[in-house]
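Residue numbers (the UniProt record's numbering), protein chains in the order written: chain A, 1 to 980; chain E, 1 to 300. The C-beta atom is built at its ideal place from N, Cα and C for all residues, glycine as well. This report refers to the structure that appears directly beneath it.
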Amino acid sequence: MSTFHWEIKERNYGKEYRDKTLNREETSSHPLKGITVTVTESKLRKQGKVSRSSSISSQASASSQDPLSSALDGSDPLSQFAAQASDPLSRIAAESQSRQSTDGTVTSTKGKNANADIDATFEPWSAKKAAILSHYTTSEKLSITTSFLASGDREKVTVRMQSAATVSDKVKNHLEQLDDFEDGSVQEMLNLSQQEYVKRIDELNNALILAWDQDQRVRSLKIAIQCAKLLADVSVIHFYPSKFVLITDILDTFGKLVYDRIKNKATYMPKGAARPIQLPDNFTPDQVPDSAKETCRNWFFKIASIRELVPRFYVESAVLKCYGFLTSEEYNQALRRLGLMTRGIGDPLVSLYSRCYLCRVGIDVAPTVKDHQMPCFDDFLFTFKQIQTDYVQNILAVQKLDLPRYLTLYSPGLNWILQCLAHNASDAVLDEILIKCQKQCNSALLINSIMSAFKPEYVSYRAKQFTAMIKDCEDTGFPKHVLYKSLGMCFVLADPPDEDKLQLLNDVWKVVIKLKNTSDYISCAEVWIEYVVKNFSKRELNTILNDIIKHMTPDRAYEDHYPQLEAIVEKIVSYMHDFSQLFALERFLPFLDMFQKESVKVEVCKTIMAAYCRYQKDPTNDPVIVNSLMFISKTMHDSVNALSLDDDIRQIGHLISSFIRSISFGHDFEQQLSFYVEARASFSNIDAIIIYLVQCVNTLAMQTRKIVKGNHTRKTASFVRACAAFTYITIPSLSNIFSRLNLYLISGEVALANLCLSQADAFFKAAITLLPEVPRNIQIDGKVRGTEPFLVEYINNLASTLLVVPDNPDQGPLYLVRGLLNAVKNYKWDPNSDAKAIIFVNIITLLSAMCQENYLYGIDKVDSNDKLYGQDPKFISECSQFCVDLKDETFTLLDVLDKPETYKRQADLAHQMFCRVLSCGNMDSSQMSDLAVTLWQLAQKHGQLDTKISVRTLAHVRRQAGNLPAIKKMLPLLVLESRT
Amino acid sequence: MAAQSIDIKLKKVSKIYHEGDVISGVVVIQSRNELSHTGITLTVEGTVNLQLSSKSVGLFEAFYNSLKPIQLLNVNLELTKAGKLPSGKTEIPFEIPLKPKGNKVLYETFHGVFVNIQYIIRADMKRPLLNKDLQKLLEFILEYKDESEKANPKPITFNITSESIQNIKEKHNLPKFRIKGRLDSTHCHIIKPFTGELIVEYSEAPIKSMELQLVRVETCGCAEGYAKDATEIQNIQIGDGDVCRGLVLPIYMIFPRLFTCPTLATTNFKIEFEVNIVVVFHDDHLVTENFPIKLSRFSS
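Structure follows, in structure tokens:
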């Protein structure tokens, strides 16, 4: 076999193309679009999703036999995806809605008309909870008095209730005393930290639900009462708003449990129905059966006998919804009665929050009922003077709380009451409230709540009046900067009258500027900056920024206020979309300099950059922008280190890439290239950016080519060579080997297209020399994967490119192919795969393509080897010698596989080789046909090859045999081993 | 579940009946296997139980001298004769008219300490040897018909001041205060809430709590005279903490069922009610103002 001579089949690509092309047929409709059309009626109904395509049903009866349509089962994939895509979205929306409604509050089963009354402008309580919980915290020790948590030590501490003191001498009455706890063991848990306290309350909540599930209703009622009782306790008063949030959640749960249970048990007989059915959501009291009403009344009787005022109030409010079972008019009366009841609560804070709860329940249960709200507010105004009494002052003194902080405790509750009151209220009502406030007590607290509760439009319209009020309001200690903050928020949401805008800013800023405390100052500035950016020019913005810098710089005050300063930047960039103006602001960059903590600075840079990427639509080459953003990008880039998270790096890479993309110098390509050079120098640490830059430069080169239409002048030629040089020296700095390989290949192709032959050679050579370094496994997203599929694919790709690369005259023919082959041979392949052999087989194909007279493809203005050698016999024989070598190599591999456990691989490989020989080899040569037969027999030897493939291959060979006698001769030797 | 059970189910969910009404319902017997018995009877009973308080007559007498219960109603009915019941659920319907015994009056149900007026319906199943008899007791509630006395609103106003207080030793120790108020009526409709209002006009000492106490006054007549005792039914707080001066506080209390009934006076016993307004000051001084009230089932 040493004299084996590989003969290459000559091919006429043009003829093959003509022969093998299928007849084309003109079609009037898009094959993917009108498919459902053909589907029969019943099928259409089955897949309701694709209804939109039924409108074009008249057109496409012609394509009814389209095999595609049957394959796709009637609906085209795109619209199917679209339908699916919309599905999960709407599902999520629905979920979030239901989640909101079950979010502990009693809102779940509101009637339809109830929902209509509460529109989106009403901020639900659930939205406020988190803010209150995070704002009102304490480090002091709390205590809980309860009998339900003392599971640990069952020591019986008998604490007589206060009722015992008043009627101790009387016989213990028969009425079930709800205030008395089971076995009288009340335990007071002292010294709880806030976290523990919250945990305990959570446990109480669970205990309540558990008791309910175990049918111990009285026990759960008792738990609810105990919880409500905690609300009467004002020790650790600055935790009170949070406590209110936590405990009313439990009460809401309780109310919901009671309501749901009565509703679920209540079935009614609709007229003419044989069997009772569940009550509908919007039932009327006369549908409710007597038994349910009786249960309901029992609950109210039981609650009415709760001894203490505060628990009685809260528990009744919690189950208020159940009045709906009794009569339809009850809500109104009950709400008003409960409103009056709160007057008995002496502590002004406790009574305010009880009113707040009442309004909350009222909004949930009967949104249309508003009668109770105004009296609640009036009562509050009336009792507000109580904070001056000794009683309250004593509490404050004991708890070491100053009045301003005490007053802020009122805010959430008061805000809520006012919000309920102001919701959808006419201006007249608002005026009335305003006048009442001014008359009764022109307190800062009230004004603040009014500003946050009323419609911003209302406040903004009366901007001057409000500023005057703020100026005049009596100094009860409520911090004024909070007032200015709230005012600013109103102005941001609704513009004040145009003519007042500047005046207002001047008035307010005059006061703000004098604020001594930097945190007070910055909290105002944070809000007002938005007003300024929105309504004024950059001059005012500059002034304000300057002022902020002036306030923040002494004693490095900015260090304590990074979040606010960040928010300021965020607000500026969300309104200022003209970035050249923004960066031209004199004080903006100095402002950024205040962010001295690295992490914060990076965050700010990200914010700015993200805004830039979002709002800067057109490419720009404004030097101000370029320089500023370069600086910002550099900051971001420099923050990346070994410890950075992958996500962060990806985000930063993305942002910087977007920035690079947005910079364009138009036709000044050299400038553009020098920008890229600068960018490369600055952002060398992030692979994504480097990759992007290489691609940019390649694009640049191709653009140049396009402009000169392929005919490079001397100048453009040297420019594209500069581009190639750029990429050539940039690529090695990448850490990911596959990025490097791919970029080498692409850049080589670009160089080739631009007639930079030696550069292209260098790229391909670099790629080939890099191949042995490819590791066998690589980590992708934390998973170890074999690199083999990538590698095989890459080598195939490279090989296809090599077809058109002309040989370097300084080197021997087929220098690169030889190099590639050596690399493949020396690479440590996985012994359990046939990648190596497959590549060998593919290179045989490449070599046979190289021996054709005209290559299958080529590059405009580049003379490939077909032109260089013109089928020189020497070149051909070189190629075929190569093929012989490859054949021998492959056979060696086949020999290795000649083991029972690898028969299948051997058969597959032999079969592949057979196909290649058949398509690339000249079958007229007896040696070649013998080779083919040998391979066929090898493939069939152990009967491991898929029979279907064998049959199909054989059929193909037969078809070929028609015009080629050589193959015909071979045919009888190709025996199909039948399997036993 | 036990192998056999007996239960009474009344048609009326509320279990409230009036004189002359017919109590209708079913006796439900559930058994896993066949059940033989020697007769099932149904008894409706109404009794007034009187007890003497140990305080008024002494422990010894209280123990021995408890008064004889007065029977208001006693109806016996045989549901089935001795026989066998099939396994599973058996329902025996019944109807019993509510007629008082002799010339007695059917008083309203009342659960007190010394006086108890109770109506029960009892199903008994006698069973042959070695088997426990089965019994089920069910209380039902009796209320007056519309013919009884009607409540007429009798509003009163009151003033409680540090000067008006009696029954106190050291008057000068008392903190100065002035509380004004109004009760909407002292003759109350039992199913309507007890209402009124109260204003703390002035108080020197901080107030700890303000409460509304409902008290029953039970009187039992006996040979040696009578015993009168007042006990608390419930205590409802209407003001918690140092309430705001000058603010009108509502007085609002619902009369608990079973533990209240229309005011009743008979030859043997009396049931009356009172309301106390209690003000507790921070130093635990306690001021009580007493208002006797009359309860009626209906209003005019």
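Rounded Cβ spacing between residue i and residue j (contact assumed at less than 8 Å)
i              : j       : result
L770(A)        : Y728(A) : That pair is no contact at about 13 Å.
E457(A)        : A425(A) : At roughly 13 Å, the Cβ-Cβ gap does not stay under 8 Å, so E457(A) and A425(A) are not in contact.
L897(A)        : Q906(A) : 4 Å
L338(A)        : E316(A) : 7 Å
G346(A)        : I207(E) : 7 Å
N49(E)         : N116(E) : 4 Å
Q98(E)         : I8(E)   : The displayed chain sequence assigns Leu, not Gln, to residue 98(E). Actually they do not touch by this definition, with Cβ atoms about 15 Å apart.
P497(A)        : A468(A) : Incorrect: roughly 15 Å between the Cβ atoms, too far for contact.
residue 986(A) : Y314(A) : The requested residue 986(A) does not occur in the structure, where chain A is confined to residues 1 to 980.
E878(A)        : D866(A) : In fact, because the Cβ distance is near 14 Å, the residues do not count as touching under 8 Å.
Proximal residues to residue i (C-beta, below 8 Å), its chain only, five neighbours per side dropped
i       : result
P128(E) : S36, H37, T38
S864(A) : L803, V804, V805, P806, Y855, G858
I691(A) : L734, S739, L743
CB contact check: residue i to chain E, cutoff 8 Å
i               : result
Y531(A)         : no
M341(A)         : yes
S317(A)         : no
T327(A)         : no
T248(A)         : no
F301(A)         : yes
S443(A)         : no
T383(A)         : yes
G344(A)         : yes
R337(A)         : yes
E330(A)         : no
V258(A)         : no
residue 1062(A) : Here chain A covers residues 1 to 980 and nothing more, so residue 1062(A) does not appear.
Residue of the options minimising C-alpha distance to residue i
i       : options                            : result
V105(E) : V44(E), F114(E), I70(E), T41(E)    : I70(E)
C920(A) : T902(A), K20(A), M850(A), L349(A)  : M850(A)
R32(E)  : R297(E), A227(E), K15(E), K84(E)   : K84(E)
S300(E) : E108(E), L77(E), H189(E)           : H189(E)
I8(A)   : C883(A), L954(A), I201(A), T953(A) : C883(A)
M609(A) : R219(A), K941(A), R661(A), I417(A) : R661(A)
P250(E) : E211(E), E274(E), V44(E)           : E211(E)
L814(A) : E499(A), I844(A), D834(A), Y615(A) : I844(A)
S718(A) : E670(A), F738(A), Y692(A)          : E670(A)
T934(A) : G710(A), L894(A), H956(A), S452(A) : L894(A)
N777(A) : I768(A), E788(A), A767(A)          : E788(A)
L381(A) : F591(A), I435(A), P831(A)          : I435(A)
L752(A) : P775(A), V862(A), R818(A)          : V862(A)
Within-8 Å CB hit, residue i to chain A
i       : result
L10(E)  : no
Q234(E) : yes
V13(E)  : yes
R257(E) : yes
F281(E) : no
C220(E) : no
I23(E)  : no
L249(E) : yes
Contacting residues, own chain, Cβ-Cβ under 6 Å from residue i (five flanking each side not counted)
i       : result
V604(A) : E566, V569, F595
L175(A) : The pLDDT assigned to L175(A) is 39, lower than 50, so where the model puts this residue is not dependable; a value taken from the coordinates is nonetheless given after this. Excluding positions up to five away in sequence, the list is empty.
V113(E) : T231
Closer than 7 Å at the beta carbon, the chain C residues around residue i
i       : result
E294(A) : No chain C is part of this structure, whose protein chains are labelled A and E.
Legend entry - Validate contact between the stretch 229-238 of chain A and the stretch 252-269 of chain A using beta carbons, cut 8 Å, 3 pairs: Flag = no, the stretch 229-238 of chain A and the stretch 252-269 of chain A do not touch.
Legend entry - Meets three-Cβ-pair contact criterion under 8 Å: the stretch 257-265 of chain E and the stretch 159-174 of chain E: With the cut-off at 8 Å, the stretch 257-265 of chain E and the stretch 159-174 of chain E do not touch.
Inset, instruction - Would you check if the stretch 291-298 of chain E and the stretch 238-247 of chain E touch, i.e. whether three or more CB-CB distances between them fall below 8 Å? - result: Three or more beta-carbon pairs separated by less than 8 Å are not found between the stretch 238-247 of chain E and the stretch 291-298 of chain E, which leaves the two stretches without contact.
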